[in-house]
Ligand SMILES: NC(=O)c1ccc[n+]([C@@H]2O[C@H](COP(=O)([O-])OP(=O)(O)OC[C@H]3O[C@@H](n4cnc5c(N)ncnc54)[C@H](O)[C@@H]3O)[C@@H](O)[C@H]2O)c1
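Residue numbers (the working numbering): 26 to 276.
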């Protein structure tokens with residue numbers, strides 16, 4: 026399958042985890058890549074690896090998703106690189122757990138800034154290019170957007186906001202030919218999953234909702250869904266919050 030031949034795809038969070046797996050999948054399917062991350066060295070290595078393996082044309086960009094004007098500037102610079110933008114994949118994000126009443130204000134603000142403001146700003150800047158290309162957006166939300174989970178109120182709120190933004194864009198820009206979809210993974214075998222910190226004294230009974238019915242997913246399984254939603258095969262799919270969570274949110 027070469028679903029992304031002649032397409033230019035911007036992936037944020039491309040240095041690691043789901044973002045890197047998505048970039049790899051797009052590269053395997055013939056796309057040109059704009060790889061963006063806060064980790065400059067790692068995103069450069071990601072691009073070099075993909076070019077070596079797939080002869081991928083790419084460019085890398087360093088940005089901090091918590092900075093809205095910086096994020097908009099990154100999207101503008103990225104779209105200028107190949108002179109077009111067909112797909113925006115917003116995958117950069119952070120997670121963390123606290124007793125809600127103890128979460129420091131700066132940690133709350135950083136969570137919202139990276140997970141929500143960054144997504145909003147990059148969509149804003151990308152939309153005129155996507156109108157031009159009749160392109161689409163895939164935003165990485167989470168199963169956490171759909172559940173009441175202990176200790177992660179801010180993370181859950183941030184991902185619910187990502188779903189809400191996605192739905193609104195799907196409606197507002199449908200007449201311009203833009204699709205917008207969100208993906209809601211459960212546990213995925215990445216850095217975030219293994220390093221997320223919870224309070225030392227969690228009540229294990231309250232953690233049940235964080236566990237899927239199936240073992241943890243691999244990043245490439247999420248990337249496969251990103252690639253489907255971003256491709257023309259999903260021409261009739263917009264505004265969805267697509268769960269890939271091993272049954273975690275089955276009611
Ligand atoms: N891993 C999971 O279990 C899981 C589940 C549901 C949703 N998600 C979501 O998937 C997305 C990707 O996470 P992952 O699991 O691949 O984790 P990861 O830590 O492997 O990757 C996150 C990437 O985002 C980048 N990043 C972090 N802060 C940034 C910032 N301020 N600006 C720009 N880039 C930044 C990191 O450098 C990293 O490359 C996140 O939005 C996360 O919330 C992950």
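Beta carbons: idealized from backbone N, C-alpha and C, even for Gly. Predicted, not measured: the structure shown is a model, and the values here were computed from it.
query: Heavy atom of ligand 1 within 7 Å of residue 213 beta-carbon; result: yes
query: Simplified DSSP state of residue 260, which is helix, strand or coil; result: coil
query: Host alpha helix (DSSP H) of residue 176 (start-end); result: Careful: residue 176 lies outside any alpha helix (DSSP H) and carries neither H nor E.
query: Beta bridge counterpart(s) of residue 267 as assigned by DSSP; result: 208
query: Meets three-Cβ-pair contact criterion under 8 Å: the region 240 to 252 and the region 175 to 182; result: no
query: Contact between the region 182 to 199 and the region 55 to 68 (3+ Cβ pairs under 8 Å); result: no
query: Contacting residues, own chain, Cβ-Cβ under 7 Å from residue 129 (five flanking each side not counted); result: none
query: Proximity to residue 126 [Cα-Cα], best of 253, 93, 224, 115; result: 224
query: Contacts around residue 12, its chain only, beta-carbon distance under 7 Å, and the 5 residues preceding and following it disregarded; result: The structure shown has nothing for residue 12, since the chain only spans 26 to 276.
query: DSSP-derived helix/strand/coil call for residue 275; result: coil
query: Pick from 264, 97, 214 that is closest to residue 245, judged by C-alpha positions; result: 214
query: Beta strand (DSSP E) runs contained entirely in the region 93 to 119, provided each spans 3 or more residues; result: 112 to 115
query: Sequence-distant residues of its chain with Cβ nearer than 6 Å to residue 283 (five each side left out); result: Residue 283 falls outside the range modelled here, since the chain spans only 26 to 276, and no answer is possible.
query: Spatial distance of residue 288 from residue 31 (CA atoms); result: The chain is shown only over 26 to 276; residue 288 falls outside these bounds and no answer can be derived.
query: CB contact flag (residue 247, residue 46, <8 Å); result: yes
query: Enclosing beta strand (DSSP E) for residue 164 [first to last residue]; result: 161 to 165
query: Contact check, residue 176 vs residue 124, beta carbons under 8 Å; result: yes
query: Element boundaries [beta strand (DSSP E), containing residue 85]; result: 83 to 87
query: Straight-line Cα distance separating residue 271 from residue 151; result: 32 Å
query: Collapsed DSSP secondary structure at residue 74 in the structure displayed; result: helix
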